[in-house]
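Enquirer: Just so you know, the sequences run in chain order A and B. Quick note on the numbering used here: the first sequence kicks off at 197 and runs consecutively. Quick note on the numbering used here: the second sequence kicks off at 439 and runs consecutively.
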Amino acid sequence: MKRRDFIASLSASMALIAAGCRRPEQKIVPQVTPVEYLVPGVANYYTSVYIQKNFAYGILIKTREGRPIKIDGNPDSPTKGSISPKIQASLYSLYDPDRFWEPVVGNKKVDLEIAINEVAKIISGMNGRTAVIIDEHCSPALENLLNDFVNTLPYIDVIKLSYLNNLKQLNKEDNAHLYYFKRVIPNLSKAGLVVSVSSDFLGNDKASPYYASSFFRNNRIKNPRLLCIESILTATGITANERYVIKPNDYEEFLAELSREMLKKLVNLYGTETLDKRILELQSRFNMDSLHNYLQFLNERFSVSKFGFIDIIVNELFLSKERGEEVCFLGGENLSEASLAMIFQLNKMMLSIGENKIFDSSAKVTEFIDKYSDSDKFCDNLEAFDYKSIIFLDVNPVYQSDSVINSLLNKILKANKISLSLYKDETADTCGICIPLTHYLESWSDAEFFDGQRIIQQPVIAPLNKHSVSKEDFLIKLAKLINQSAFNGIDSNYAFVTKSYLQKAPDTLSWEQMLRTGNCGKNVENANSRISKDISINLNETKDLLREYENKVTNGLSLVLTQSCNLQEGKEANNAWLQELPDPVTKQTWGNAFCLSPETAKKLAIKDFDVIKVSNNSKEVELPAILIEGLSEDVIHGTLGYGRTKGGKTLKEVGKNLAQLIDISDNKSFYLINNIKVSKTGKTEKIALFQTERKITNENLLSELTKKNTRNTPKQNISIFPKYDYKGQRWAMSIDLSKCTACGSCIISCQAENNIPVVGKEEIIRGRMMNWLRIDTYEINLNDKTKYFNFPMLCQHCEMAPCESVCPVAATTHSPEGINEMTYNRCIGARFCMVNCPYKIRRFNFKNHPSGIVKPLENILNPDVTVRMQGIAEKCTFCVQRINEARYRAKDEGISKIPEEYLKTACQQACPTGAIIFGDINNPESEISKSVKRSHFKLLEELNTNPSIHYLKKL
Amino acid sequence: MKTRSKDSRYKRKIIISFLWLSCLILSGYIGYNNSIKNIGFSPRQPVAFSHKKHSGDFGMKCLFCHSSAEKSAFSSIPTTKSCMVCHLALKNQSELMKLVNYSFDNNIPIQYTRVNILPDYTHFNHSRHLIAQIDCSSCHGEVEKMDSIRQEKALTMSWCLDCHRNPEKFIVFARDISGIVTIKNTTKVNMLFPKDFVFPSFGMWSNDLPKTYMKEFLMPKNPSRGPENCSACHY
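Here it is in structure tokens:
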């Protein structure tokens, strides 16, 4: 062939290839029958309920084309729209590819009906009792169903299993201090000052978002104060205005001393007119003689003054009281009973217990009283009754419980074990029959809220897994198979829920209206019956508790265990969103570690990331260490909820389970282990940290944070950018640093809204995280005290943006409304913008992360936002899709400018404390314009970038 | 000799590279026209539905079937049931109705091939353009004259921007056949229509409106320019 021919044929073939090169064919598949209210491309919202143990949240679920894509708080519900990262991330477990898909009997995969038949055969064919083990819950319908179930099948026992805190024998209802600690939900919207004693009520508490929203957002007092006394660094401590560190064994002494000083002041003030009437009224409440006695006892028993800061706390308390504000004390889970009793007395002294006070016993979590609600009794029962079969109904005791229950479970190995769960977890792995459960977004139920309202949990999607069954439906089907006349006439949980709802609450809003609003109005039967009962506690009882107490002076190291803020008890450990959400304090993702202060570490010659071995008795755990300022001396802090072994691919090899270190025989507290042994292993391990540098070195920022009401104006106003006049609206954001609790709600909300991929541990170690929004926590040493600042960091949308000027292809530009916009289809991945951004908020997709989204996880994607491919820079867009949507709505209604209430960014919507405000800064009436009148600063202002994000100073 | 041969070699090289380049440009051009612009794309659809018959001959409004176009970013393809509203009674035994009947009886959706395709990173919103009273034919061509649906316009970014910059040059204002009326703008509508006027549904009603109102309502004198910043469409 001649060269010419070759070239001719080559060109011809190229032309042919090009001619044949067409865009891949796309299909449009309309429904056969249209679904009511479903318009393709328009989102529908449904109300529902999220049940976290015995505390329920009202939620609002956004669905597109019938699939849920985002979960937000329902502002009309009793929880006032507060939402935690865990609730938002529960969407991930709906679409999780690792969910348990097919029922298993023996080792065979079978159909659902066959599996339930098998269970019925086992239960009815055996001469023995069956135990149904369930978790704590707050669903009256489930409780009624269980009662009916037990009535029809009398050889069944229902046993409630709860996690560690209930092992503490906190079930003595008559003890006021325990009752108030465990069941009553304080109304923090009245509190002007909260003294948190080792309580992480803004962190890992099950009601933490509700507390945060009522304390910061809905508070009647403008700038509530928070004092925190703790031995480890918690999210509450980081947020607190003042934080004092004491040793974990000193709480009793501290509280006794505080009570003593408070009493002294009260007794001295008796009869004088200096204080408010309210304080005088207090003295009438107590018998003065017994008060004197108590004081005398405290004087004798705790004579030494150990804590220098008590005066400051007492002064602040009384000052706040003089201003007419309410104050309260909150106790943490790791406190002893004596401490809780003293906290109760302190609250009583400060008049915060009673009707319409902070602690009003009409606001309480539901706990269905039954004979086996105590885990101790559970253990006794398991031994006493020789159970022939056990049904685990959505519980995972093999992982969750301590060694005692595990050994008991091993004893009854011979029993037929049946497990119902969302994932094939550790417990399911030991069971002969495993049945997949439906997700809560796929099933009917109801929940009793802390204020007594009973709200329905409605499904928003048909079960993704046709082999799955809800807990309630399983029980009904099982009962019907054994006894055909069971549940007369009711064949599904839906019928049961509607019937029990309409029976119980006939006067409330109609069924449809209740489902629409997610609020059943105020005239609930239950709410009416909730009369606050005044349980008093004798001072003598507190004295007795204190007498028993002896300070174990320990020279050794103590291990403090807390539940993880993100994973809590570890049930949703396979949730990649939650695993990648940084811990509020340590900023660690994908695993847990031992935290200790640099001083302690120096003593033990431990460096950052050294793997250390912590042993208690015979058990030992090896984990890397993180050095963090602010922990008490000789204290090591670890989080529970990690170290799962079974139930998906994501949770494999993530952290270690520290619950195995707990010694059940030590009755004082399960969250504090004294005299542990620590040794170095000589190994180091990389930890996936979101933030590695915790100190602020920038002098301008330091002076901004520490001084009050000073504002550095940019030194030069020279700019290479042409001056732009923002004629219409101009978007800006203000973030209140005093309100940010670093909970991470905004991070997950942003992740769900903007299709942000999960990158995994390795990539985070390389610093290649993809989150558009992160929360940095910085520490500043001020007069020998460490102060903490939470900085939500997102694209600052600079007016004179350094990234815009360097983009070679103009992929990042400025919009007429002040948004620094990012056009993905133009980006060639030069990364100049990332280098030039002083805030380090631009993200680059190094790997093709969207390719990791497998079926059915792709359904989680928000169709309004482009899924970015490999090699593209991305960043916060100020939720431009929401701005556009609000613009359309405003235009439809004939309004030229977008009203503020039409528009909320994803992070703003999710923030429980209302720290983030977004709006039009050109409008002087808008909330943002009003908020920036307070003293604020912009980050790195000396660079003359003029960001659109205003940080309001922490007071 | 040597120098000459060298020259000719260079010449040859230049010719070869020129040919290569022209090849590239040619294939690029063809590829661009085919795969980016894709004008004239008219695939065979599973149901031989004729827009010409339904819309052109019978005068059915676009919005009668593509009803979500005025509410949503996405213009919906009618469900099988929407077809069957009429076709249960009309021409049900026709050969062309075979698949539709099958779909309706067995609850299996019909898979149509998409003709006018925009990439995922471009967010085009139908309802915004309908509310601006831009006729369907501005982008889809005169569908009522097509037997099988065909892509008429380039649907490239420059094509979008041409219209956003100079709407008066390119826009076809809402015609009767489309059924577009800005019913969403209630304040305007209330001003224009008598108080007791009942709005019929399904976009079938523009013919019923008094013509004087229609004229004033549907023909704004100065069409507003569309947004040109990137985040108007790309996010």
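Where is the CB? At the ideal position from N, CA and C, for every residue including glycine.
(1) Report yes if the CB atom of Leu1053(A) is closer than 7 angstroms to the CB atom of Pro293(A), and no otherwise.
(2) Once the 5 residues before and after Tyr288(A) are set aside, which same chain residues still bring their CB inside 6 angstroms of it?
(3) First and last residue of the alpha helix (DSSP H) that includes Gly433(A)?
(4) Does Tyr619(A) come within less than 7 angstroms of chain B when only Cβ atoms are used?
(5) Can you pull the DSSP bridge partners for Asn744(A)?
(6) With 7 angstroms as the threshold, decide whether the Cβ of Phe512(B) is near any Cβ in chain A.
(7) Is Met458(A) helix, strand or coil when you go by DSSP?
(8) Alpha carbon to alpha carbon, how far is Lys676(A) from Ser811(A)?
(9) Are Leu819(A) and Lys798(A) closer than 7 angstroms when you measure CB to CB?
(10) Could you tell me the alpha carbon to alpha carbon distance between Lys282(A) and Ser244(A), rounded to whole angstroms?
(11) Taking 7 angstroms as the threshold (C-beta atoms), are Pro547(B) and Val225(A) in contact?
(12) For Pro632(A), is the classification buried or exposed, using 16 other Cβ atoms within 10 angstroms of its Cβ as the cut-off for buried?
(13) Note down, in chain order, each residue of its chain lying with its Cβ closer than 7 angstroms to the Cβ of Lys461(A), except the 5 sequence neighbours on either side.
(14) Taking Ile883(A) and Ile1112(A) to be in contact with their CB atoms under 8 angstroms, please state how far apart those CB atoms are, rounded to whole angstroms.
(15) I need the DSSP call for Leu423(A), collapsed to helix, strand or coil.
(16) Give the DSSP-derived three-state secondary structure of Ala239(A) in the structure shown.
(17) When the distance is taken between beta carbons, is Gln284(A) closer than 7 angstroms to Ser760(A)?
(18) Buried or exposed, going by whether 16 or more other CB atoms sit within 10 Å of the CB of Met522(B)?
(19) Can you give me the C-alpha to C-alpha distance between Pro274(A) and Gln649(A), rounded to a whole angstrom?
(20) For Lys544(A) and Leu868(A), I'd like the C-alpha separation in whole angstroms.
(21) How would you label Met595(B), buried or exposed, when you count the other beta carbons within 10 angstroms and need 16 or more for buried?
(22) Would Leu1135(A) count as contacting chain B if we go by Cβ distances under 7 angstroms?
(23) Helix, strand or coil, according to DSSP, for Phe397(A) in the structure here?
(24) Kindly indicate which three-state DSSP category Trp968(A) falls into: helix, strand or coil?
(25) Counting only runs that start and end within the region 1112-1147 of chain A, where is the beta strand (DSSP E) found for 3 or more residues in a row?
(26) Step through the CB atoms of chain B and report whether any lies within less than 7 angstroms of the CB of Tyr241(A).
(27) Would you tell me roughly how many angstroms separate the C-alpha atoms of Phe1042(A) and Gly1025(A), rounded to the nearest one?
(28) Which residues of chain A have a Cβ atom closer than 7 angstroms to the Cβ of Gln549(B), listed in chain order?
(29) Using only the alpha-carbon positions, how far apart do Asn347(A) and Gly520(A) sit?
(30) What first and last residue would you give for the alpha helix (DSSP H) that runs through Ile651(A)?
(31) Under 9 angstroms between beta-carbons, which chain A residues line up against Ile609(B)? List them in chain order, please.
(32) Which residues mark the beginning and the end of the beta strand (DSSP E) in which Ile808(A) is found?
(33) Only counting the same chain, and skipping five residues up and downstream in sequence, which positions put a Cβ closer than 6 angstroms to that of Asn554(B)?
(34) At a Cβ threshold of 7 angstroms, is Thr594(B) touching chain A?
(35) Sorted by chain position, which residues of the same chain lie with C-beta nearer than 6 angstroms to Val1050(A)'s C-beta, five sequence neighbours on each side aside?
(36) Unbroken alpha helix (DSSP H) runs of length 4 or more, entirely within the region 523-576 of chain B: which are they?
Expert: Concretely, from the data shown:
(1) Yes, the Cβ-Cβ distance between Leu1053(A) and Pro293(A) is below 7 angstroms.
(2) Around Tyr288(A): Asn771, Trp773.
(3) 431-435
(4) No, Tyr619(A) does not count as interfacial toward chain B.
(5) A quick correction: the sequence has Glu, not Asn, at residue 744(A). Note: Glu744(A) sits in no beta bridge, so no partner.
(6) yes
(7) helix
(8) Between the C-alpha atoms of Lys676(A) and Ser811(A) there is a straight-line separation of about 51 angstroms.
(9) no
(10) 15 angstroms
(11) Yes; because the gap between Cβ atoms is below 7 angstroms, this pair is in contact.
(12) Pro632(A) counts as buried, since at least 16 other C-beta atoms from the protein chains shown sit within 10 angstroms of its C-beta.
(13) Val510, Phe514
(14) With a beta-carbon spacing of about 29 angstroms, Ile883(A) and Ile1112(A) fall beyond the 8 angstroms limit used to define contacts.
(15) strand
(16) strand
(17) No, they are not a contact pair.
(18) buried
(19) 8 angstroms
(20) 27 angstroms
(21) exposed
(22) no
(23) Per DSSP, reduced to three states, the secondary structure at Phe397(A) is coil, with no helix or strand assignment.
(24) The three-state secondary structure of Trp968(A), taken from DSSP, is coil.
(25) 1112-1116
(26) no
(27) 10 angstroms
(28) Contact annotation for Gln549(B) against chain A: Lys223, Val225 [CB-CB distance below 7 angstroms, chain order].
(29) 54 angstroms
(30) From DSSP, Ile651(A) is part of no alpha helix (DSSP H) but of the beta strand (DSSP E) over 650-653.
(31) Chain A residues near Ile609(B): none, gap ~17 angstroms exceeds 9 angstroms.
(32) Start and end: 806-812.
(33) Gln589
(34) no
(35) Pro293
(36) 536-544, 564-569
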